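*Asks:*
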Amino acid sequence: MMKRQENKQRFYLWDYLWWKQARRTGRVDGEMMLSIYIFALLIFPMMTVTIRLFPGVSALLPCVVFSIVTFAVMSLVSRIYKWRGKAVMSHYAKCRFNELLAVLLFFLAIAIICFMMYLLDKK
10 MMKRQENKQR FYLWDYLWWK QARRTGRVDG EMMLSIYIFA LLIFPMMTVT
60 IRLFPGVSAL LPCVVFSIVT FAVMSLVSRI YKWRGKAVMS HYAKCRFNEL
110 LAVLLFFLAI AIICFMMYLL DKK
C-alpha cells in the first residue's frame with residue numbers, strides 16, 4: 010500500500026522574495042516586496058501597453074484602473090501569506106539570511122519600474 014503524502018507544498022520564487030523581506034525589521038515587509046515585483050513585472054507593463062495601444066484615451070484612466078488592480082493584488086498577497094507564511098518561513102528556516110541581498114532585491118524592483126517609466130516617457 011502507498012503511503013499518504015503529508016502536506017506536500019511547492020515553494021516558488023515569489024515565496025523566496027516574500028521570505029527575504031519577511032525577515033527584515035525595516036519598513037518594507039514581504040508582502041510589500043512581492044507586491045512591488047508584481048507591479049514591476051506584470052501590472053506596469055500592462056499599463057504601458059494599454060497607454061501605447063490606445064493613445065486617444067487619457068492616461069489617467071489606465072492609471073486609475075491599474076491602481077485599483079494593484080491594491081487588489083496587494084490585498085490578495087496579504088491573504089495568501091496569512092496562511093502560507095508560516096510554511097514558507099519554516100521551509101527557509103535553515104537558509105542563511107543576507108541583509109544586503111534583501112536590500113538589493115528591493116532596489117532591483119524599483120530600478121525595473123524606473124527603467125520602464127523612462128521607456129514610457131521616450132516616444
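Position one of the sequence shown corresponds to residue 10 (the numbering used here), numbered consecutively onward. The beta-carbon is built from N, C-alpha and C at its ideal position, and this holds for glycine as well. Given the structure is predicted, the values throughout are model-derived calculations rather than measurements.
Using DSSP with H/G/I as helix, E/B as strand and the rest coil, what is Cys-1?
*Replies:* Since the displayed the chain opens at 10 and closes at 132, residue 1 lies outside it and no answer follows.
*Asks:* What are the boundary residues of the alpha helix (DSSP H) that includes Asp-130?
*Replies:* Within the sequence shown, residue 130 is the residue found at index 121, counting from 1. From DSSP, the alpha helix (DSSP H) with Asp-130 extends over 108 to 130.
*Asks:* Given a cut-off of 9 Å on the beta-carbon distance, is the pair Ser-99 and Glu-40 in contact?
*Replies:* Translated into positions along the sequence shown, residue 99 becomes position 90. Translated into positions along the sequence shown, residue 40 becomes position 31. No, these two residues do not count as a Cβ contact at 9 Å.
*Asks:* Taking DSSP as the reference, what is the three-state secondary structure of Asp-38?
*Replies:* Here the question's residue 38 lines up with position 29 in the sequence shown. The answer is coil: DSSP assigns Asp-38 none of H, G, I, E or B.
*Asks:* Measure from the alpha carbon of Ile-121 to the alpha carbon of each residue in Ala-49, Tyr-101, Leu-85, Asp-130, then state which is nearest.
*Replies:* Here residue 121 corresponds to residue number 112 of the sequence shown, with the count starting at 1. The residue with the shortest Cα to Cα distance from Ile-121 is Ala-49.
*Asks:* Note down the Cα distance separating Val-97 from Phe-75, rounded to an integer number of angstroms.
*Replies:* Translated into positions along the sequence shown, residue 97 becomes position 88. Translated into positions along the sequence shown, residue 75 becomes position 66. So the two alpha carbons sit approximately 29 Å from each other.
*Asks:* From what residue to what residue does the alpha helix (DSSP H) around Arg-61 run?
*Replies:* Within the sequence shown, the letter at position 52 stands for residue 61. 53 to 62 is the span of the alpha helix (DSSP H), which, as asked, contains Arg-61.
*Asks:* For a quick check, are the C-beta atoms of Tyr-127 and Trp-28 less than 9 Å apart?
*Replies:* Translated into positions along the sequence shown, residue 127 becomes position 118. Translated into positions along the sequence shown, residue 28 becomes position 19. Their beta carbons are not under 9 Å apart, which means Tyr-127 does not touch Trp-28 by this criterion.
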